[in-house]
Amino acid sequence: MRRDAFLKSLLALGASGGLPLAAQATGANLKMMIPANPGGGWDTTGRALGKALQDAGAAATVSYDNKGGAAGAIGLAQFVNGNKGDGNALMVMGAVMLGGIITGKPPVTLDKATPLARLTSEYNVFVLPANSPLKTMKDVVEQMKKDPGSVKWGGGSRGSTEHIAAAMIAREAGVDPAKINYVAFRGGGEATAAILGGNVTVGGSGYSEFAEYISAGKMRALAVTSDARLKGIDVPTLKEQGINVVIGNWRGVYGAPGITPEQR
19 MRRDAFLKSL LALGASGGLP LAAQATGANL KMMIPANPGG GWDTTGRALG
69 KALQDAGAAA TVSYDNKGGA AGAIGLAQFV NGNKGDGNAL MVMGAVMLGG
119 IITGKPPVTL DKATPLARLT SEYNVFVLPA NSPLKTMKDV VEQMKKDPGS
169 VKWGGGSRGS TEHIAAAMIA REAGVDPAKI NYVAFRGGGE ATAAILGGNV
219 TVGGSGYSEF AEYISAGKMR ALAVTSDARL KGIDVPTLKE QGINVVIGNW
269 RGVYGAPGIT PEQR
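What follows is the structure, encoded as structure tokens:
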């Protein structure tokens, strides 16, 4: 989802009273946990949500706390341990965190927090640095078949949707998914810098995170992970290219543990 469309949707939701929590009380001072480093999808989502709440009059101020690492588990633990019963505390998260919890088995898991709302849904896009000698997804797959370790896949934490998608692409190509060379970054900003710098072979993330670089010719879009082409985006799907992989990402918002039904 484009950032401007996302903001409009959140503004409408806030104005209609559809946003959760005691944040509905005008003038609330909200605390927003963003369990990732600045510059990525969760950061964008959290700050857009905060702006929408302020524009809708549901919050007087919003403070943001970026705590990246371990697919969001570090920020999750801090959020759960430090905000029990606080109706003005929010945390953005997404499918990446679920994958990270499954693979990393952290001591604090999502069942300790309070689920509130799903905010966005988005498909991933795989890109190459503009100066890459590879040109297509077919080139990437052929290189991976020859030498799986030579293709560095860059993206979010281990267990993220782009990590899972890369493993699924490998499996479709007849390559052992355990042999893929996946480089996990603590946030979208770090992953973007690695792709632009040519430090990874191919990068993956939500389309909105890479859109400006694709438009500017700094990244070459190879494929989207949707079932059909995304509206207004001239990038083929993996399925169109003979790779039967479809996987989506989503982001949501959680409240603190122990809040009352009224605070939700």
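Letter by letter, the sequence shown follows residues 19 to 282 in our numbering. Backbone N, C-alpha and C define an ideal beta-carbon position, used for all residues, glycine too. Being a predicted model, the structure only gives us computed values, none of them experimental.
Opening and closing residue of the alpha helix (DSSP H) in which residue i lies
i    : result
S233 : 225-233
G205 : That residue, G205, is in no alpha helix (DSSP H); it is neither H nor E in DSSP.
L152 : Unbroken run through L152: none, as it is neither H nor E.
A74  : Where A74 is concerned, there is no enclosing alpha helix (DSSP H), given that its DSSP letter is neither H nor E.
A184 : 179-190
Test item: CB-CB of residue i and residue j under 9 Å
i    : j    : result
M155 : I261 : yes
V143 : G224 : yes
G112 : W60  : yes
A202 : P195 : no
M51  : G117 : no
L214 : M237 : yes
G207 : K163 : no
T132 : R269 : no
G57  : T210 : yes
V114 : G86  : no
T127 : T63  : no
G222 : G266 : no
P147 : G216 : yes
Residues bridged to residue i (per DSSP)
i    : result
R238 : L146
R269 : G112, T138
G2   : The shown model of the chain, from 19 to 282, leaves out residue 2, and the question about it has no answer.
L48  : V80
T255 : V242
Nearest-angstrom Cα separation, counted from residue j out to residue i
i    : j    : result
A274 : D252 : 41 Å
T219 : A54  : 23 Å
A95  : A88  : 11 Å
G235 : S178 : 26 Å
V158 : R65  : 35 Å
G68  : D165 : 45 Å
L240 : E180 : 14 Å
E258 : Y231 : 23 Å
V98  : Y82  : 16 Å
D129 : S150 : 43 Å
L48  : R204 : 25 Å
D73  : A46  : 13 Å
S233 : E227 : 12 Å
E284 : I120 : Only positions 19 to 282 of the chain appear in the structure, and residue 284 is not among them; the question remains open.
Y272 : A135 : 7 Å
S167 : N199 : Residue identity differs from the one stated: residue 167 is Gly in this sequence, not Ser. Approximately 5 Å between the Cα atoms of the pair.
A184 : Q161 : 14 Å
Residue i: CB within 8 Å of a non-hydrogen atom of the ligand NAP
i    : result
Y141 : Although the ligand NAP was asked about, the structure shown includes no ligands whatsoever.
Entirely enclosed alpha helix (DSSP H) segments - the stretch 79-150, minimum 4 residues: 91-100, 113-122
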